[in-house]
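Below is one structure, written out as structure tokens; the observations come after it.
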Amino acid sequence: MLKKHFSAKGFYISILFAAMLFLVLQIYALHRSRMEYGRLLTSVIVQMHNGDMPDDVLGIGTLKDGHVQAQWGILPRIDAGDVKDRIVSDGAGTVAVFAGHAIYFANDGQFSKINESYRFQVFLSILFCLVVMWFSLLFYFFVYRSVRKLEGWVKGYSGKKQRKKKMSGRQIPIHGFTQIISGIEKIYSDLINTEKAVERKTKLEALGVLFAKVLHDIKNGLASIKIYQYLLREAKDESKRKELIRKMDDGMSDVTVMIQDLLDFVRGSKSTLKEIVRVKDLYNGLKTEYQAKANMEGIKFDISMDDAIAEKCIHVELVRVITAVKHLIQNAFEEVKAAGLPNPEVSILLKAESGNLVLEIADNGRGIPDELVDRIFTPFVSEGKETGNGIGAAVSKEYIEAQNGHVDFETSKAGTVFRVTIPFSVSQ
Ligand SMILES: Nc1ncnc2c1ncn2[C@@H]1O[C@H](COP(=O)(O)OP(=O)(O)OP(=O)(O)O)[C@@H](O)[C@H]1O
Ligand SMILES: [Mg+2]
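Going by this note's numbering, the first residue of the sequence shown is number -13, and it counts up by one from there.
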């Protein structure tokens, strides 16, 4: 409430108003004392005139430095020498001037006294008013404007801009001392809002990247389903058909999980559904899918597994692991096709190394371009592919690292080997 009614501008106007009121009151008081003075003079003149008031009084003056100085009424400049025969006394008192230059000397020292106090009061009142006005102006220019500048500075725009805004007629709410705090509060809340906006923007950007990744995964997932569909059409054996239908179901579930992942991210929650996966099952799944794909594309495909680890398990988010591995296999297929080799070849090996499952994906392509070697896991880094988004390698790394594993590679002009390392499940 106080903040609302008290402002620097209002304070300045109040001081100015008070000073002006004081001036008016002073003028009134002086007028009263002047009237009193006049009355006293009049009574003296009447006294000196033997009880009659002459009707040609022009004004009252005092003798000073040989001249009559006007104190009341309009007096012509009178040289004391010219009227000395009419001065009754020694010229140190008050005179009354008449039309006919008749001058009466007032013996009564009261005149001088009133006159002096009158002058002094006028001087004091004017001085006081000037001082008050001066200080209020000072307050306005140095304090109020400084506060405005400070507010402007804190808000981040210069005085020049403020002036510009004012000239353009835009109102800038400036509220002085008491509202500096609320100004700072406002700036703070602006900052919070900005921070929230940045957070939202970061989230949206992350969402954009995730969208790209998930769409990529979904595209791969659907490609797998398509392969199963093709195999299903060709399959004669009932048990084979059943297996393919099951794989298609799994593929659909994978896609659903990916979409769910995306929705979870948007909602701010993240589900981690880990499962125990046998190495053998992983091997079989990859074999079925990529053998068929390789056959379709005329690429030699080989997948092998160290039998000692066939029954071993990994405790992972299977969809992510499959997705990561598929991206790397997909890259290998794309590379050998693009290289236009007479004997394109992709091979996968599953083996154990220091308590970890190592899955090697090798191709006999041209190798990773030198300029990409250090950036291959950076999202959106792609080269030599018309439809490449640069997502696959980055996603693979991210997904495998989320399972406490890691991805690395070796590359040369004779081909590339990607290694996916995932710890075996500790429960075995
Ligand atoms: N096995 C590989 N042999 C040679 N180059 C590779 C191999 N794997 C990846 N690359 C190179 O690394 C780049 C980045 O691969 P990444 O999988 O991240 O993206 P992409 O395959 O181009 O696009 P996306 O995977 O999004 O479809 C590829 O464009 C390619 O140039
Ligand atoms: Mg790729």
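C-beta atoms are modelled at their ideal positions from N, C-alpha and C, and glycine is treated no differently.
- Between E283 and K323 the beta-carbon gap is near 7 Å, inside 8 Å, which marks them as a contact.
- Secondary structure at I354: coil, using DSSP grouped into helix, strand and coil.
- Shown here, D203 sits in a helix according to DSSP, grouped into three states.
- In this model, G353 and K399 are separated by some 5 Å (Cα to Cα).
- If one requires a minimum length of 4 residues, the alpha helix (DSSP H) runs lying completely within the segment 332 to 403 are 378 to 387, in chain order.
- For I285, there is no enclosing beta strand (DSSP E), as DSSP marks it with neither H nor E.
- Short of 8 Å from the beta carbon of A388, and not among the five residues preceding or following it, lie these beta carbons of its own chain, in chain order: E303 and R306.
- Scanning its chain for C-beta atoms nearer than 8 Å, with the 5 sequence neighbours on each side dropped, one finds around C299 the residues I262, V263, R264, V265, F410, S411, S413 and Q414, in chain order.
- With contacts defined as CB atoms closer than 8 Å, A379 and H313 qualify as a contacting pair.
- In terms of CA proximity to V406, I308 leads the group T373, G370, L327 and I308.
- Rounded to the nearest angstrom, the Cβ distance from K286 to A280 is 7 Å, consistent with a contact under 8 Å.
- Looking at the backbone, the Cα of H392 and that of I408 are separated by about 7 Å.
- Contact annotation: V200 and M234 have beta-carbon atoms that are not nearer than 8 Å.
- Per DSSP, reduced to three states, the secondary structure at E224 is helical.
- Burial check for E321: the Cβ neighbour count within 10 Å reaches 16 or more, so the residue is buried.
- The three-state reading of DSSP puts S290 in strand, counting E and B together.
- By the beta-carbon neighbour count (other beta carbons within 10 angstroms, threshold 16), S382 is buried.
- Per the coordinates, the alpha-carbon of A221 lies some 14 Å from the alpha-carbon of K212.
- Note on geometry: alpha-carbon atoms of I315 and I204 lie some 16 Å from one another.
- Residues of the same chain with their beta carbon placed closer than 6 Å to that of T373 are lacking, with the five preceding and five following residues left out of the count.
- S333 is not a Cβ neighbour of D293, given a cutoff of 8 Å.
- Under the DSSP assignment, I315 falls outside any beta strand (DSSP E), being part of the alpha helix (DSSP H) whose first and last residues are L304 to A325.
- Taking the Cα of I295 as reference, the smallest distance to any Cα among G370, G237 and K337 is reached at K337.
- With contacts defined by Cβ atoms closer than 8 Å, G271 and G351 do not form a contacting pair.
- L124 and N179 have their alpha carbons spaced roughly 38 Å apart.
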